[in-house]
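Protein chains in written order, with our numbering: chain W, 382 to 535; chain S, 382 to 535. Just so it is clear, CB atoms sit at the ideal spot from N, CA and C, and this is done for glycine as well. Each remark here refers to the structure printed beneath this line.
2 protein chains.
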Amino acid sequence: MLPAAGLSIGEAALRLGVSVHTLRYYERDGLLNVPRLPAARETETVQPPDSRHAQRRYGESELSLLRFLLVLRGTGMPMSLIRRYMALVRAGEDTVAERRELLVSHQRAVTAQIAALGENLKAIEQKIVKYDRAGGCAPLPASEGTSCETTGGH
Amino acid sequence: MLPAAGLSIGEAALRLGVSVHTLRYYERDGLLNVPRLPAARETETVQPPDSRHAQRRYGESELSLLRFLLVLRGTGMPMSLIRRYMALVRAGEDTVAERRELLVSHQRAVTAQIAALGENLKAIEQKIVKYDRAGGCAPLPASEGTSCETTGGH
DNA sequence: GCTTGACTTCGAGTGCGCTCCAGGGGGTAC
DNA sequence: GTACCCCCTGGAGCGCACTCGAAGTCAAGC
Numbered sequence: 382m383l384p385a386a387g388l389s390i391g392e393a394a395l396r397l398g399v400s401v402h403t404l405r406y407y408e409r410d411g412l413l414n415v416p417r418l419p420a421a422r423e424t425e426t427v428q429p430p431d432s433r434h435a436q437r438r439y440g441e442s443e444l445s446l447l448r449f450l451l452v453l454r455g456t457g458m459p460m461s462l463i464r465r466y467m468a469l470v471r472a473g474e475d476t477v478a479e480r481r482e483l484l485v486s487h488q489r490a491v492t493a494q495i496a497a498l499g500e501n502l503k504a505i506e507q508k509i510v511k512y513d514r515a516g517g518c519a520p521l522p523a524s525e526g527t528s529c530e531t532t533g534g535h
Numbered sequence: 382m383l384p385a386a387g388l389s390i391g392e393a394a395l396r397l398g399v400s401v402h403t404l405r406y407y408e409r410d411g412l413l414n415v416p417r418l419p420a421a422r423e424t425e426t427v428q429p430p431d432s433r434h435a436q437r438r439y440g441e442s443e444l445s446l447l448r449f450l451l452v453l454r455g456t457g458m459p460m461s462l463i464r465r466y467m468a469l470v471r472a473g474e475d476t477v478a479e480r481r482e483l484l485v486s487h488q489r490a491v492t493a494q495i496a497a498l499g500e501n502l503k504a505i506e507q508k509i510v511k512y513d514r515a516g517g518c519a520p521l522p523a524s525e526g527t528s529c530e531t532t533g534g535h
């Protein structure tokens with residue numbers, strides 16, 4: 382349960398499978414805030430550094446936030462909506478209803494997207510089958526005889 | 382079965398659900414060639430126009446090519462690959478094997494994409510469920526009593 | 001002290017797929 | 001003839017999500 386002071390940006394990037402550029406970009410773009418080092422550390426040199434130039438530390442909470450962020454990105458939610466969602470998360474528990482609404486609407490979009498992809502996939506597979514039938518005559522596989530006319534079509 | 386001289390670019394765009402800009406862009410980008418008017422027409426003015434400035438006519442063959450092109454685009458195939466595929470189509474029947482290969486590889490990509498989307502969708506749905514359980518206490522629906530602690534999490 | 005390496009900032013650059021614009025053609029309607 | 005509408009071209013612009021570069025900071029190792 383202890384935050385254990387978290388990972389550096391490089392480690393976090395590695396673990397999440399994105400670039401450090403992307404992580405910084407997300408923060409710059411207002412998607413989330415990441416705490417910085419100077420708070421408490423084992424050996425305390427005189428001063429925590431310059432306050433800018435302070436290194437980010439990614440704890441469990443940031444990581445799980447980012448994991449979900451990547452889920453949203455991975456389903457094509459635009460940055461602007463993600464920004465809104467993350468702001469709601471930061472704003473506390475009484476934004477749950479609105480967050481839910483946002484996710485439900487996105488869920489519908491994703492479902493539709495999957496359906497459309499499935500349709501298109503079907504069309505691609507049909508074309509492949511057509512090529513299989515046509516290709517039995519010339520190049521690759523040797524199967525039993527079907528008529529080998531090139532009756533139009535691509 | 383007769384080509385009936387085909388549609389204008391505006392009509393084709395309307396029918397395919399894209400903009401005329403996009404159709405011209407596809408052609409400019411080498412995805413396909415579209416025949417032009419000046420061949421044979423009812424009233425022949427002295428000269429068929431300037432040869433540039435000649436209007437495109439979209440016949441069944443162009444339309445079905447475009448429909449499949451849109452399937453490929455709709456599944457995220459990049460323009461460069463589509464260009465290759467379309468070149469193979471133009472090149473004639475003995476490119477069928479290579480076309481097939483291209484489509485099969487894309488098919489795999491789309492299948493993977495759908496799977497990934499499904500995974501992400503699951504994560505989103507779980508989050509929604511979590512919000513449902515949390516939200517029973519405060520804002521929207523009134524259901525029977527579950528414990529209403531906010532035990533961590535976004 | 002100097003180098004190395006991972007971090008910091010801000011701003012500019014990239015790639016993709018359109019999308020739009022200026023400037024012009026040409027045919028039909030009034 | 002001139003208004004209208006759809007068509008043409010080449011090139012510029014846009015939105016998105018990164019991606020990279022220059023210049024600087026800091027801690028650790030030799």
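As a quick exercise: from the options, pick the residue whose alpha carbon is nearest that of residue i.
i, options, result
"Val477/W", "Ala435/S, Lys511/S and Leu412/S", "Lys511/S"
"Leu469/S", "Gly440/S, Gln507/S, Gly411/S and Thr403/S", "Gly411/S"
"Gly387/W", "Leu395/W, Tyr407/W, Gly440/W and Ala394/W", "Gly440/W"
"Gly398/S", "Thr456/S, His487/S and Leu447/S", "Leu447/S"
"Val488/S", "Leu444/W, Ile505/W and Arg489/W", "The question names Val, yet the displayed sequence has Gln at residue 488/S. With distances taken between Cα atoms, Gln488/S lies closest to Ile505/W."
"Asp513/W", "Thr492/S, Val491/S, Asp513/S and Leu483/S", "Leu483/S"
"Leu444/W", "Arg396/W, Gln507/W and Tyr466/W", "Arg396/W"
Is residue i helix, strand or coil when you go by DSSP?
i, result
"Leu388/W", "strand"
"Arg514/S", "helix"
"Gly398/S", "coil"
"Arg437/S", "strand"
Determine the extent of the alpha helix (DSSP H) in which residue i is found, giving its start and end residues.
i, result
"Ser461/W", "Met460 to Ala472"
"Thr403/S", "Val401 to Arg409"
"Gly455/W", "Glu441 to Gly455"
Measure the alpha-carbon distance for residue i versus residue j and round it to whole angstroms.
i, j, result
"Ala497/S", "Val485/W", "18 Å"
"Val415/S", "Arg464/W", "44 Å"
"Ala515/S", "Leu451/W", "23 Å"
"Gly457/S", "Gly499/S", "17 Å"
"Val427/S", "Phe449/S", "With a pLDDT of only 42 at Val427/S, under 50, the local geometry of the prediction cannot be trusted, and no value is derived from it."
"Ile495/W", "His434/W", "43 Å"
"Ala490/W", "Lys503/W", "20 Å"
"Leu462/S", "Leu462/W", "31 Å"
"Tyr407/S", "Met460/S", "9 Å"
"Leu453/S", "Thr492/W", "19 Å"
"Asp475/S", "Ser442/S", "19 Å"
"Tyr466/S", "Glu479/S", "9 Å"
"Gln507/W", "His402/S", "29 Å"
For the putative contact between residue i and residue j, defined by C-beta atoms under 8 Å, what is the C-beta separation to the nearest angstrom?
i, j, result
"Arg437/S", "Arg417/S", "6 Å"
"Ile390/S", "Leu404/S", "6 Å"
"Gly455/W", "Asn501/S", "5 Å"
"Arg471/W", "Ile509/S", "19 Å between Cβ atoms; not a contact."
"Ala393/S", "Ser400/S", "Incorrect: roughly 11 Å between the Cβ atoms, too far for contact."
Does the ligand ADP have even one heavy atom less than 7 Å from the beta-carbon of residue i?
i, result
"Met458/S", "Among the components modelled here there is no ligand, and therefore nothing to report on the ligand ADP."
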